[in-house]
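See structure below.
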Amino acid sequence: MAKQMTEQELVDRFEEAVCNDEIFAVYQPQINHSTGRMVGAEALMRWKDPENGMQYPSDFIPALEKHDLIYRADLHMFELVCRLQRKCLDEGISMIPISFNVSRYDIYNKDFVEAIEEIRKKYEVPVNYLRAEITESSAIGGMELIQEVLHKLHKCGYVVEMDDFGSGYSSLNVLKDLEVDVIKLDMRFMSGEIGGRGGTILGSIVQMTKWLETPVIAEGVETMQQADYMKSLGCNYIQGYLYSKPVTEEEFLQKLNQLDHEPVAPPMDLISTMNADRFWDPQSLETLIFSNFVGGAAIFTYEEGKIEILRVNRKYVKELGMNMEEHEILHSDPRKTFDEGNRKIFEDTLKRAIASQDEETCETWRNMYSDCCGPDRVCIRTFMRVIGKAGKQYLFYAMIQNITKEKRLFADLAENEKKLRFASDQVNIYAWEYTIATKEMRPCFRCMRDLNLPPVIRNYPDPVFESGLFPEDYREMYYDWMRQLEEGVDHLEGVIPLTVGRIPFRIKYTLECDENGKPLKAYGSAALVVEEKEG
Ligand code: C2E
Ligand code: CA
Ligand code: CA
């Protein structure tokens, strides 16, 4: 039976344990889930004490870090990995890259890269069979140190993996600043059932890493369901108990001999840093808007005619108005909802935005379908802007407004306008009465139907500003109107842009007073402003 060693025992026995190879490496295979072949492995530290039995990293690594012994332990591990790769080279055993763990304390040691290079050269192992795993938490001590180490590792030709990605809250920013070549996503950090909220986050992360052209390895994969799910997101590389627990060197060599595995790929190109800083920056307007602004926002990619939605905020889902769920929208291609004419409008706008590097807008009708609402036709105004580019792929930021109601209303009104063209311009298209003493507004039937107004609006006009029917910047002016009516001004007139579409209406008020001249009621009307054509 293994017995956990005390901190003192660990410190006292450490040096001897290293020399006697009581501290040694086990290897966990990384598998391509599509082919079942081994593509790599990770070396994990074990300590088998002659008296106390097997010790696991969670029990001894904190003590090694605390007593400044982790550096020595990691160099020892690196040497064991080199020794194994040398053995493979010598005995003609086919090889795969092996990843070694770099503690954040190693990064604080300025000779770290020189030290591993010395060992590697001693064993004459080609650098593409060794991969460094650094953790996000290494960035805690400041980005400069870790960037310097990363730069040195790259210069020597090492592939660098970001371990435990997704465990820290600043993940995306770390990723943006560190040019890592591979990302390791730990399934154990993703709480909740697959495809749920956690799944959506996972999906977006995988999508974003694709966009950064950074391959992903899923770690801690225990079930086939998880593996298939990761595969469905386009992440094929799996490390986890599903395929194999970490195994001894001997067993690993057997696996290398038996298992069909994939020959080592040529060293990967470093990812290209893109001009998408504003999107990643938590302080930026884009991020602020994305998470906080009232409007619906989405991030999508566009590549050779294909669109894929990566991220949407809650308001986006709401704005579409189809009572859909986020997952029904993510990864879908909105072009499928367009007829030919509207698709052309949308694609022309995309191209315009690429050319202008500025915000471009269009209005398109979409044939939507949701499980909840069935088929419907909605009109969406989209504001879009390019925020990044990788190869032929463009990353877009978009904001949407559902303007279906306004469009229909406008169409109705235009129809009415035609009919009323020759009638007097006094014709009241929308009408209401306002009772001055009680501040109650009673709209006509058309107002109720088209603008969704209740039969009585109390405390008028506050609710129509709050609902957005009237624009906020007209509030003071409109209050002033109400005051003037109270004071007996018998006629008011002005143009106010109404509804979400901010369509200009001519608003008129006529006052009714009692026999003593005291203001009683005001009769309001709103008529669509029709541009008079010259000539
Ligand atoms: P890590 O680098 O994230 O390593 C992966 C850990 O997840 C390993 O634990 C592995 O055994 C475990 N694991 C792999 N697949 C599964 C799975 O499907 N389910 C579950 N529940 N676990 C899985 P291990 O070997 O106990 O190592 C723990 C941590 O200790 C490592 O996490 C790493 O941070 C550290 N560590 C291990 N070896 C070294 C080393 O040589 N140097 C340094 N500095 N740290 C090391
Ligand atoms: Ca690791
Ligand atoms: Ca990990």
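In terms of the working numbering, the sequence shown opens at residue 33 and continues consecutively. Note that CB positions come from ideal geometry on N, CA and C, so glycine has one too.
With a threshold of 6 Å (Cβ to nearest heavy atom), would residue i be considered close to ligand 3?
i    : result
D218 : yes
E508 : no
E193 : no
D196 : yes
E392 : no
E251 : yes
Run through DSSP, which three-state label would residue i get?
i    : result
E335 : strand
T381 : helix
E211 : coil
Q458 : At Q458, the pLDDT of 41 sits below 50, so the modelled position is not reliable and the matter cannot be decided from this model.
P486 : coil
M306 : Residue placement at M306 cannot be trusted, given a pLDDT of 32 that sits under 50; the coordinates are not used to answer.
F477 : helix
L362 : coil
P407 : strand
K287 : helix
A49  : helix
M70  : strand
E547 : coil
E41  : helix
Y269 : strand
E472 : strand
D495 : What sits at residue 495 in the sequence shown is Pro, not Asp. P495: helix per DSSP, three-state reduction.
M300 : Below a pLDDT of 50, predicted positions are generally treated as unreliable, and M300, at 28, falls in that range; no measurement from the model is reported.
F502 : coil
M33  : coil
D91  : helix
V349 : helix
V575 : In this structure the chain extends from 33 to 567, so residue 575 is not present and cannot be described.
T246 : coil
N374 : helix
S170 : helix
L96  : helix
S126 : coil
In terms of residue numbering, what span does the alpha helix (DSSP H) encompassing residue i cover?
i    : result
M509 : R507 to E518
K119 : I102 to E123
K263 : M256 to S264
F144 : F144 to Y155
M175 : M175 to C188
Y137 : R136 to I139
If we cut at 7 Å on Cβ distances, does residue i have a partner in chain D?
i    : result
G373 : This model lacks chain D altogether, as it is built from one protein chain only.
Following a CB-centred definition, is residue i positioned closer than 6 Å to any heavy atom of ligand 1?
i    : result
E372 : no
D482 : no
Y269 : no
Q106 : According to the sequence shown, residue 106 is Asp rather than Gln. Yes, the Cβ of D106 comes within 6 Å of a heavy atom of ligand 1.
P129 : no
P82  : no
P94  : no
L342 : no
P278 : yes
L42  : no
P89  : yes
Y275 : no
M77  : yes
Got a sec, what are the start and stop residues for the beta strand (DSSP E) residue i sits in?
i    : result
V527 : H523 to L530
M194 : V191 to F197
I130 : I130 to N133
V58  : I55 to N64
A164 : L162 to T167
Just grab the DSSP bridge partners of residue i for me.
i    : result
G556 : W464 and Y541
A330 : V344 and A430
D81  : G85
Y401 : P407
D218 : E251
C394 : T414
T440 : Thr is not the amino acid found at residue 440; the sequence shown has Arg there. In DSSP, R440 forms no bridge with anything.
V279 : Y59
L76  : V58
I535 : L530
G420 : L427
Hey, would you say the C-beta of residue i is under 6 Å away from at least one heavy atom of ligand 2?
i    : result
E165 : yes
N133 : yes
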